[in-house]
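J.: Below are the structure tokens for one structure; questions will follow.
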Amino acid sequence: MKFLDNLAVKLGVTKTEMTAVTVLTFFLLLGGALKYSGSVQDADQAIAKAEAARYSEAEVDSLLSLAMKADSPAAADSTGTVAVSEEEEESATKSSGRHPSKKNFSGTIVFRTASASQLQMISGVGPVMARRLIEFRKERGGKVEHFNDFLKVKGIGKKKLELLQKHLTLD
Numbered sequence: 040m041k042f043l044d045n046l047a048v049k050l051g052v053t054k055t056e057m058t059a060v061t062v063l064t065f066f067l068l069l070g071g072a073l074k075y076s077g078s079v080q081d082a083d084q085a086i087a088k089a090e091a092a093r094y095s096e097a098e099v100d101s102l103l104s105l106a107m108k109a110d111s112p113a114a115a116d117s118t119g120t121v122a123v124s125e126e127e128e129e130s131a132t133k134s135s136g137r138h139p140s141k142k143n144f145s146g147t148i149v150f151r152t153a154s155a156s157q158l159q160m161i162s163g164v165g166p167v168m169a170r171r172l173i174e175f176r177k178e179r180g181g182k183v184e185h186f187n188d189f190l191k192v193k194g195i196g197k198k199k200l201e202l203l204q205k206h207l208t209l210d
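In the working numbering, the protein residues as written are 40 to 210.
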């Protein structure tokens, strides 16, 4: 306490004022330490949630890839739903694993009737993106009027939007 008494004299404050300043400084530091420890715990919880979501999404991806193997991509039908050549169809079915080789799809797909396997024929659209696009279509009641609406779908930016414009029709 001698140090605080000497400091109080040098600063020209009373002993009581110096004690009050010391106590307030102590509580300020204690509050900062508690806040920091709480934010560390929040960060740990956020990381744990993100890891859990990542693993569950990976499980969903594997289930979707299994379902895709059971279904073959749709061939072009009389209504013109998909305009795909036989070579493109074969390349889409031959691609194996979660990260298929480059897709050479050059046809168009009618978005309001497209299945997940048809959407996955488009370069840059995998099982998760196809599922998101179909969910987006369902939320909109099956009608999407403008391509810019696709920017609301998680994972679609300007570049992917250009790809979708090239391969999808909104009829």
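All residues carry an ideal CB built from backbone N, CA and C; glycine is no exception.
1. Would you say the segment 175 to 190 touches the segment 156 to 167, given that touching needs at least three Cβ pairs under 8 angstroms?
2. Taking the C-alpha atoms as reference points, what is the distance between residue 201 and residue 182?
3. Determine the direct distance from the alpha carbon of residue 80 to that of residue 65, and round the result to whole angstroms.
4. Going by C-alpha to C-alpha distance, which of 148, 195 and 76 sits closest to residue 167?
5. Just the Cα atoms here: how many angstroms apart are residue 165 and residue 172?
6. Can you grab the Cα-Cα spacing for the pair residue 54 / residue 62, in whole Å?
7. Is it buried or exposed for residue 42, if we count other Cβ within 10 angstroms and need 16 for buried?
T.: This is what the structure gives:
1. no
2. As a working note, residue 201 is residue 162 in the sequence shown. As a working note, residue 182 is residue 143 in the sequence shown. Computed Cα separation, rounded: 19 angstroms.
3. Position 26 of the sequence shown, counted from the start, is the residue given in the question as residue 65. Position 41 of the sequence shown, counted from the start, is the residue given in the question as residue 80. The alpha-carbon atoms of residue 65 and residue 80 are separated by roughly 23 angstroms.
4. Position 128 of the sequence shown, counted from the first residue, corresponds to residue 167. Closest option to residue 167, Cα to Cα, is 195.
5. Counted from its first residue, the sequence shown places residue 165 at position 126. Counted from its first residue, the sequence shown places residue 172 at position 133. If you take the alpha carbons of residue 165 and residue 172, they lie about 11 angstroms apart.
6. On the sequence shown, residue 54 is found 15 positions in, with the first residue counted as 1. On the sequence shown, residue 62 is found 23 positions in, with the first residue counted as 1. Their Cα atoms are separated by approximately 12 angstroms.
7. Taking the sequence shown and counting its residues from 1, one reaches residue 42 at position 3. Under this definition residue 42 is an exposed residue.
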